[in-house]
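Q: Protein chains in written order, with the UniProt record's numbering: chain C, 1 to 228; chain H, 1 to 228. Backbone N, C-alpha and C fix where the C-beta goes; we use that ideal spot for every residue, glycine too. Let me give you the structure first, and then I'll get to my questions.
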DNA sequence: CTCGATCATATGGTATACCATGATACCATC
DNA sequence: GATGGTATCATGGTATACCATATGATCGAG
């Protein structure tokens with residue numbers, strides 16, 4: 001891996017081939033994540049064709065993709081929006097704890113000035129939005145925070161997995177983030193993770209990260225049981 | 001949840017709707033995993049139609065699914081079999097170490113007589129096959145061993161992730177398992193994990209599991225670098 | 001001889017048509 | 001009135017047709 005190669009690699013055209021499928025995929029995923037399509041709701045192909053204004057081929061391929069992502073289940077009479085019980089959510093929080101703490105630790109090992117600056121910037125942004133109590137934006141910024149961490153740690157496959165898992169518990173995340181307690185403690189915990197990264201302390205960073213997720217999981221559990 | 005309910009639940013028809021898509025998906029996945037389709041090879045839709053004897057709709061939906069699974073990349077002129085470099089493989093081994101050691105620990109906490117019996121049975125089978133040096137079967141049995149562990153630990157989502165990751169490094173796994181050293185040390189390490197589970201010792205089980213995977217990763221690294 | 005332009009073909013993207021199956025509602029018969 | 005059968009319709013599965021584009025080859029001009 002010499003300089004020339006990386007220079008050439010950086011020349012790669014990053015044009016996202018904006019195909020109908022890609023657009024429809026994003027729309028559908030957003031619709032499911034945002035709760036516009038409720039869990040358990042049937043996804044009738046022809047209806048979706050009308051709603052999205054595309055043909056069935058597109059819809060079907062999108063559904064296949066979402067099925068593989070775990071956002072859609074195939075019942076016996078067709079695809080439905082996957083629903084999430086506490087057993088599944090608990091597992092997802094556990095997996096996140098494992099993967100995110102590992103990424104955070106590796107990030108703390110490898111973090112340079114540049115990475116730290118980027119993280120600090122995102123955290124400042126989070127503080128501002130948090131004061132205004134805007135859940136969707138907070139979720140966005142939190143995502144960016146972790147995205148930087150996973151990238152700095154070189155854990156791009158783990159990031160892919162975590163992103164996918166997060167979309168499966170997105171409703172829970174929105175609920176936990178909009179809890180008033182959380183809007184105070186959440187940023188504080190992220191700051192703690194950042195502080196450990198800043199002084200390149202992997203163990204402390206991993207520990208803070210695990211606590212952060214454990215707190216979110218506890219909150220999610222109470223909310224989920226209240227919902228029943 | 002009383003007895004009658006579970007009895008009634010067990011009556012549920014478990015017929016897997018054997019659709020052309022499902023068959024084609026399995027075939028294609030096997031073909032990629034087994035290396036019949038080499039990494040980087042173009043997957044031409046119409047060619048696959050002829051080879052599998054199905055229509056393009058089926059092939060395309062299957063490709064979407066495999067794309068979401070990470071077995072297929074979409075290049076600018078169409079889908080190709082995803083290839084795996086050491087950077088990616090390393091990450092996958094790390095993720096496996098995290099998820100499998102966690103599952104093994106939870107399994108050690110929860111394991112009852114029945115689970116232990118099932119694990120012992122699989123290990124005996126592994127010993128027999130290992131002596132005959134049959135790599136594909138060894139891989140199969142190893143997979144079953146972990147499947148039992150993840151099921152006993154209640155980590156079914158993590159199992160899904162691990163299965164998918166394993167298919168992405170299947171070639172590496174075949175190579176590492178067919179190494180003579182490994183056919184001796186591999187079963188021994190699984191035995192060690194099992195011993196820890198049998199005496200319900202989560203920490204020892206997790207430790208043995210991490211070592212098992214670290215050994216496989218080292219072997220994979222040397223093989224991968226030799227290949228270049 | 002080389003460079004370029006144009007045409008042909010291969011390939012993926014999209015839409016639509018047809019078929020098999022399963023669900024539901026209504027009707028007839030016991 | 002209840003039960004069983006039948007017909008209709010909704011829905012997913014499959015195949016195919018059409019279009020846009022990119023790639024490669026061939027032919028002509030400089």
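Please check the pair residue 43 of chain H and residue 27 of chain H, which I expect to be a contact at CB under 8 Å, by giving their CB distance rounded to whole angstroms.
A: Not quite, the Cβ-Cβ distance comes to about 13 Å (not below 8 Å), so this is no contact.
Q: Three or more beta-carbon pairs under 8 Å between the segment 56 to 70 of chain C and the segment 101 to 121 of chain C, yes or no?
A: no
Q: Using only the alpha-carbon positions, how far apart do residue 137 of chain C and residue 124 of chain C sit?
A: 13 Å
Q: Does the count of Cβ pairs from the segment 34 to 48 of chain C and the segment 211 to 224 of chain C closer than 8 Å reach three?
A: no
Q: Counting C-beta neighbours from all protein chains within 10 Å, is the total for residue 11 of chain C 16 or more, i.e. buried, or is it exposed?
A: Annotation note: pLDDT 44 at residue 11 of chain C (below 50); position unreliable, coordinate value reported separately. Under this definition residue 11 of chain C is an exposed residue.
Q: Once DSSP output is grouped into helix, strand and coil, what is the label at residue 124 of chain C?
A: helix
Q: Is it true that the CB of residue 174 of chain H sits closer than 8 Å to the CB of residue 139 of chain H?
A: yes
Q: Whose Cβ in chain C lies nearer than 7 Å to the Cβ of residue 68 of chain H?
A: 65, 68, 69
Q: Which residues, taken in chain order from the segment 86 to 99 of chain H, show a beta carbon closer than 8 Å to some beta carbon of chain C?
A: If the cut-off is 8 Å between Cβ atoms, the segment 86 to 99 of chain H has 87, 88, 91, 92, 94, 95, 98, 99 near chain C.
Q: Starting from residue 75 of chain C, follow its DSSP beta bridges and name the residues at the other end.
A: BP columns for residue 75 of chain C point to C:78.
Q: Check the Cβ-Cβ distances between residue 1 of chain H and every residue of chain C, and say whether any is below 8 Å.
A: No answer about residue 1 of chain H holds up, because its pLDDT of 48 lies below 50 and its placement is not dependable.
Q: Could you check how far apart the C-beta atoms of residue 205 of chain H and residue 196 of chain H are, in whole angstroms? I think they sit under 8 Å.
A: 4 Å
Q: Residues in the same chain with beta-carbon distance under 8 Å from residue 129 of chain C, minus the five sequence neighbours each way, listed in chain order, please.
A: 137, 138, 141
Q: Have a look at C:87, C:61, C:23, C:18 and flag the residue whose alpha-carbon is nearest the alpha-carbon of residue 154 of chain H.
A: Of all alpha-carbon atoms in C:87, C:61, C:23, C:18, the one lying nearest the alpha-carbon of residue 154 of chain H is that of C:87.
Q: Residue 176 of chain H: buried (16+ other C-beta within 10 angstroms of its C-beta) or exposed?
A: buried
Q: Check for me: the alpha helix (DSSP H) holding residue 58 of chain C runs from which residue to which?
A: Unbroken alpha helix (DSSP H) run through residue 58 of chain C: 56 to 69.
Q: Given that a residue counts as buried once 16 or more other Cβ atoms are within 10 Å of its Cβ, and exposed if not, what is residue 5 of chain H?
A: Reliability of the predicted coordinates at residue 5 of chain H is poor, the pLDDT of 49 falling under 50, and no value is obtained from them.
Q: Please list the partners that residue 144 of chain H has in chain C, where partner means a Cβ-to-Cβ separation under 9 Å.
A: The contacting residues do not exist; residue 144 of chain H stays about 21 Å from chain C at best.
Q: Mark residue 114 of chain C as exposed unless 16 or more other C-beta atoms lie within 10 angstroms of its C-beta, in which case mark it buried.
A: exposed
Q: With 8 Å as the C-beta to C-beta threshold (strictly closer), list the residues of the segment 194 to 213 of chain C near chain H in chain order.
A: none
Q: Please report the residue range of the alpha helix (DSSP H) in which residue 155 of chain C lies.
A: Premise fails: residue 155 of chain C is in no alpha helix (DSSP H) and is neither H nor E.
Q: Give the range of the alpha helix (DSSP H) segment to which residue 88 of chain C is assigned.
A: The continuous alpha helix (DSSP H) containing residue 88 of chain C extends over residues 86 to 110.
Q: Please decide whether residue 157 of chain H counts as near chain C, where near means a Cβ-Cβ distance under 8 Å.
A: With 8 Å as the cut-off, residue 157 of chain H counts as an interface residue toward chain C.
Q: Taking only three categories from DSSP, how would you classify residue 20 of chain H?
A: Residue 20 of chain H falls in the helix class under three-state DSSP.
Q: Closer than 7 Å to a non-hydrogen atom of the ligand GDP - does that hold for the CB of residue 124 of chain C?
A: Absence of the ligand GDP from the depicted structure is noted, as is the absence of any ligand whatsoever, leaving it without description.
Q: Expressed to the nearest angstrom, what Euclidean distance is found between the alpha-carbon atoms of residue 90 of chain C and residue 25 of chain H?
A: Approximately 30 Å between the Cα atoms of the pair.
Q: I'd like to know whether the C-beta atoms of residue 97 of chain C and residue 210 of chain C end up nearer to each other than 8 Å.
A: yes
Q: At a CB-CB cut-off below 9 Å, which residues of chain C make contact with residue 60 of chain H?
A: 57, 60, 61, 64
Q: Going along the chain, which residues of the segment 98 to 122 of chain C sit with their C-beta nearer than 8 Å to a C-beta in chain H?
A: 98, 99, 102
Q: Using a C-beta cutoff of 8 Å, does residue 148 of chain H count as contacting chain C?
A: Chain C has no Cβ within less than 8 Å of the Cβ of residue 148 of chain H.
Q: Can you tell which of C:117, C:151, C:95 has the C-alpha that lies nearest to the C-alpha of residue 160 of chain H?
A: C:95
Q: Measuring CA to CA, which of H:84, H:101, H:171, H:164 is closest to residue 192 of chain H?
A: H:101
Q: Less than 8 Å separating the beta-carbons of residue 92 of chain C and residue 149 of chain H?
A: Result no, Cβ atoms of residue 92 of chain C and residue 149 of chain H do not sit closer than 8 Å.
Q: Taking only the alpha-carbon atoms, compute the straight-line gap between residue 84 of chain C and residue 64 of chain C and give it to the nearest angstrom.
A: 19 Å
Q: If the criterion is Cβ atoms closer than 8 Å, does the pair residue 62 of chain C and residue 73 of chain C meet it?
A: no
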